[in-house]
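In what follows, a single structure is set out as structure tokens and then discussed.
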Amino acid sequence: MITESQLEQLALSWFQVIGWVHASGPDLAPDGPAPERTNYNEVVLRGRLREALERLNPQLPAEAIEKALHTATTVNEPTLVKRNHAFHRMMLDGVPVDWSTTDGKRFDHARLLDFQNPDNNDFLIVDQ
Numbered sequence: 026m027i028t029e030s031q032l033e034q035l036a037l038s039w040f041q042v043i044g045w046v047h048a049s050g051p052d053l054a055p056d057g058p059a060p061e062r063t064n065y066n067e068v069v070l071r072g073r074l075r076e077a078l079e080r081l082n083p084q085l086p087a088e089a090i091e092k093a094l095h096t097a098t099t100v101n102e103p104t105l106v107k108r109n110h111a112f113h114r115m116m117l118d119g120v121p122v123d124w125s126t127t128d129g130k131r132f133d134h135a136r137l138l139d140f141q142n143p144d145n146n147d148f149l150i151v152d153q
């Protein structure tokens, strides 16, 4: 029989083999040496997501980046299945955003992933 800890270690090693960076969960905790979240309930590392949005969408102004960050991290669906489907759609199609310019309103999609050049993505696996 395999324990939860053994399974976690296996999964960590599998992801590292394919190039994911490993981080220790306690290090990223609010009271850790390199905090990346403000409380223990946060599952999204907002700073990393903002950096990815900026890197993958240089054509978008800061207002659109903030809207994409908010949309990607806000639960708008009543069930887990629908939330997962909606987020999957955003990963594939991008996050719809709009912003104001002197010429009126502009619309675009903020990419969450770069499918053309995977090296542009930030793949991180975090242990417990």
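The sequence shown runs 26 to 153 under my numbering.
Where is the CB? At the ideal position from N, CA and C, for every residue including glycine.
Bear in mind that the values here come from a model prediction, so they are computed numbers and not experimental data.
Proximal residues to A36 (C-beta, below 8 Å), its chain only, five neighbours per side dropped: Excluding sequence neighbours, A36 sits near I150.
C-alpha distance - K145 paired with T28, whole-angstrom precision: Checking the sequence, you will find Asn at residue 145 rather than Lys. So the alpha carbons of these two residues sit roughly 35 Å apart.
Own chain, CB closer than 6 Å to D123, minus 5 neighbours either side, in chain order: Excluding residues up to 5 positions away in sequence, K130, F132 lie with their Cβ nearer than 6 Å to the Cβ of D123 in the same chain.
Reduced DSSP secondary structure (H/G/I, E/B, other) of D133: Under the three-state reduction of DSSP output, D133 falls in the strand class.
Local Cβ density within 10 Å of K92, reported as buried at 16 or more and exposed below that: Classified as buried, K92 has 16 or more neighbouring CB atoms from the shown chains inside 10 Å of its CB.
For L105, the three-state DSSP class (helix, strand or coil): Helix, per DSSP.
Buried versus exposed call for R136 [16 or more other C-beta atoms within 10 Å across all chains shown]: Buried is the call here.
For S125, three-class secondary structure by DSSP: S125 carries a strand assignment under DSSP once its states are collapsed to helix, strand and coil.
Distance between R75 and V120 (C-alpha atoms, nearest Å): Here the C-alpha atom of V120 lies approximately 13 Å from the C-alpha atom of R75.
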